[in-house]
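J.: Sharing a structure, written as structure tokens. Questions coming.
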Amino acid sequence: MYEKLGSFNPLQKNNFKLDVKDKKILFYLLNDSRMPFSTLAKKIGLSKETVLYRYNRFLKNNIILRNHPLIDYEKLGYQRFHILIILDESDKGKQKNFIDFLKEDKSVLRILEYSGHWDLEVIVLAKSLKEFDNLLQRLLEPFKSIIIRKDTEAEIDAIEHHSLPEIKMLEVKPHSNSSPKILIKPSYDQIDLKIIQKLSEDARISSYDLSQKIKLSSDAIRIRIKKLVEKGIIEGFTTQINFSAFNYHGYVFNFNTSCITKKQEMKLFSYCKNDHNFIAVKRLIGDWDFRTYLVVKDQIVFHNIVSQLKIQFNQDIRNYETWVIYYEHYFNSFPEVLLM
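Residues 103 to 442 in our numbering are what the sequence shown spells out, letter by letter.
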């Protein structure tokens with residue numbers, strides 16, 4: 103069983119230093135974490151053995167937490183929902199039990215802890231509002247004695263930027279789950295889902311090793327992965343970086359708009375795509391219209407980025423709120439509910 107670690111951990115700050123070759127390795131892995139080491143070596147101008155040594159050093163120092171596929175959950179029939187929670191601070195034991203309980207649930211994608219107004223943000227998968235409502239009751243009811251307040255949101259649109267701010271050698275292609283809605287749901291079967299699950303544990307697993315786990319030939323595995331990519335169910339492969347290892351801090355900037363036009367919304371997404379400090383931008387239905395997630399070295403950088411955003415969209419942004427990410431307790435790109 104692999105660890106589903108998050109990218110923000112205040113207890114693990116190595117301030118790891120990258121040289122130019124390190125940055126190139128991470129850049130290519132962020133864009134395609136299944137790239138063979140031999141190909142990576144040619145692109146960077148190092149031997150395969152040197153690239154492998156550096157890669158293993160990243161793993162040893164918890165720089166790379168995992169390699170995983172980028173999944174279009176909508177094409178698997180699921181939508182992302184957010185749960186915001188304020189907890190009773192008087193019972194730390196129950197708080198820990200609650201977080202452990204959430205980690206074990208088969209629908210949970212991510213658990214973030216904040217310093218600020220909200221204590222937790224839990225991102226989950228559900229097929230419908232009704233299913234989400236049932237899930238909400240299942241998650242919160244056993245711990246209602248420590249839940250002071252909750253709020254819920256539906257995710258309508260999103261882009262995710264799999265990058266590190268200091269790596270700016272080339273244009274990094276952001277991941278978007280805002281693809282045009284297709285009339286015909288792409289076909290897939292339980293074997294495809296099993297393949298995606300194993301790739302989510304380690305996207306660098308070879309077709310041969312995968313064939314031993316799935317009981318298909320290596321060629322059949324390769325063909326299925328290729329088709330999953332062609333259908334857009336898998337949108338690519340990336341690397342999960344430990345931001346805390348580089349002494350980066352996480353912030354969230356939420357804001358509401360005065361009935362933003364589609365043109366301005368696309369402009370906003372484009373603006374954030376071009377700034378490597380934005381790791382995600384989400385369009386929501388709930389208390390906030392937009393939520394942006396950022397990684398920065400310090401509060402001054404965050405202040406300057408947000409100030410520029412407010413200047414660029416001064417006719418659209420009406421009210422806003424900032425949260426500080428304290429700890430990412432959990433991230434799982436393939437919750438088990440997808441197999442059900």
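Heads up, the beta-carbon is just placed ideally off N, CA and C, and yes, glycines get one too.
With burial defined as no fewer than 16 other Cβ atoms inside 10 Å of the residue's Cβ, what is the status of T394: buried or exposed?
T.: buried
J.: So for G218, helix, strand or coil by DSSP?
T.: coil
J.: Out of V153, L172, L113 and D400, which one is the CA nearest neighbour of E337?
T.: The shortest C-alpha separation from E337 is found at L172.
J.: Helix, strand or coil: how does DSSP classify Y429 here?
T.: strand
J.: Determine, using beta carbons only, whether H263 and K125 come nearer to each other than 8 Å.
T.: no
J.: Please go through the same chain and pick out, in chain order, the residues whose beta-carbon is closer than 8 Å to the beta-carbon of L386, but skip the five residues on each side of it.
T.: H184, E255, A256, E257, I258, F392 and R393
J.: If we count the other Cβ atoms within 10 Å of its Cβ and call it buried at 16 or more, is I284 buried or exposed?
T.: Confidence is the limiting factor: at I284 the pLDDT is only 47, short of 50, which leaves the residue's position unreliable, though a coordinate-based value still follows. Exposed, by the Cβ-count rule.
J.: Return the first residue and the last residue of the beta strand (DSSP E) that I166 is part of.
T.: I166 to I173
J.: Measuring CA to CA, which of G334, K333, S308 and I335 is closest to I323?
T.: S308
J.: Hey, out of D418, I335, S149 and I298, whose CA is closest to L370's CA?
T.: D418
J.: When burial is assigned at 16 or more other CB atoms within 10 Å of the CB, is D174 buried or exposed?
T.: buried
J.: Enumerate, from N- to C-terminal direction, the unbroken alpha helix (DSSP H) stretches of 4 or more residues contained entirely within the segment 196-266.
T.: 231-242
J.: Starting from T363, trace the alpha helix (DSSP H) both ways and give me its first and last residue.
T.: Element bounds for T363: n/a, residue is neither H nor E.
J.: Going by CA-CA distance only, name the one from N111, L131, S265 and I293 that's closest to I325.
T.: A check of alpha carbon separations from I325 across N111, L131, S265 and I293 identifies I293 as the nearest.
J.: Can you give me the C-alpha to C-alpha distance between Y130 and I248, rounded to a whole angstrom?
T.: Rounded to whole angstroms, Y130 to I248 spans 44 Å at the Cα level.
J.: Less than 8 Å separating the beta-carbons of F357 and Y422?
T.: yes
J.: Buried or exposed, going by whether 16 or more other CB atoms sit within 10 Å of the CB of Q342?
T.: Under the 10 Å beta carbon count, Q342 is surrounded by 16 or more other beta carbons and is classified as buried.
J.: At what residue ranges does the segment 366-442 contain a whole run of the alpha helix (DSSP H), taking only runs of 4 or more?
T.: 401-414
J.: For E273, collect the residues of the same chain with a Cβ closer than 7 Å to its Cβ; drop the 5 residues on either side in sequence, then sort them by chain order.
T.: Because E273 carries a pLDDT of 49, less than 50, the predicted location of this residue cannot be relied on, and the following value inherits that uncertainty. Counting only Cβ-Cβ distances below 7 Å, and skipping sequence neighbours, we find nothing.
J.: DSSP three-state label for K283, please.
T.: Residue placement at K283 is flagged as unreliable, the pLDDT there being 46, under the threshold of 50; the coordinate-derived value follows with that caveat. Look at K283 here: in three-state DSSP terms it is coil, with no helix or strand label.
J.: Which of the three DSSP states, helix, strand or coil, is assigned to N163?
T.: coil
J.: Looking only at C-alpha atoms, which of K329, L295, S140 and E332 sits nearest to I316?
T.: L295
J.: Classify G195: buried if its beta carbon has 16 or more other beta carbons within 10 angstroms, exposed otherwise.
T.: exposed
J.: Cα-Cα, which of S313, L330 and F415 is closest to T363?
T.: Comparing Cα-Cα distances from T363 to each of S313, L330 and F415, the minimum goes to F415.
J.: Which of the three DSSP states, helix, strand or coil, is assigned to L318?
T.: coil
J.: Note the first and the last residue of the continuous beta strand (DSSP E) segment covering Q342.
T.: Element bounds for Q342: I336 to I343.
J.: Give a yes or no on whether the C-beta atoms belonging to W425 and G218 are separated by under 8 Å.
T.: yes
J.: Relative to the C-alpha of A260, which residue among V226, K384, L231 and T152 is closest?
T.: K384
J.: Determine the extent of the beta strand (DSSP E) in which Q181 is found, giving its start and end residues.
T.: That run of the beta strand (DSSP E) goes Q181 to L189.
J.: Is there at least one Cβ from chain D nearer than 8 Å to A382's Cβ?
T.: The displayed structure is made up of one protein chain only, and chain D is not part of it.
J.: Would you identify the three-state DSSP class for N358, choosing helix, strand or coil?
T.: strand
J.: Counting pairs of Cβ atoms below 8 Å between the segment 187-204 and the segment 215-231, do you hit three or more?
T.: yes
J.: Using beta-carbon positions only, say whether T340 and S135 come within less than 8 Å of one another.
T.: yes
J.: Can you name the residues that DSSP bridges to G352?
T.: V397 and I427
J.: In the DSSP assignment, the alpha helix (DSSP H) including N116 goes from what residue to what residue?
T.: Unbroken run through N116: none, as it is neither H nor E.
J.: Are L167 and K252 touching if we call contact CB-CB under 8 Å?
T.: no
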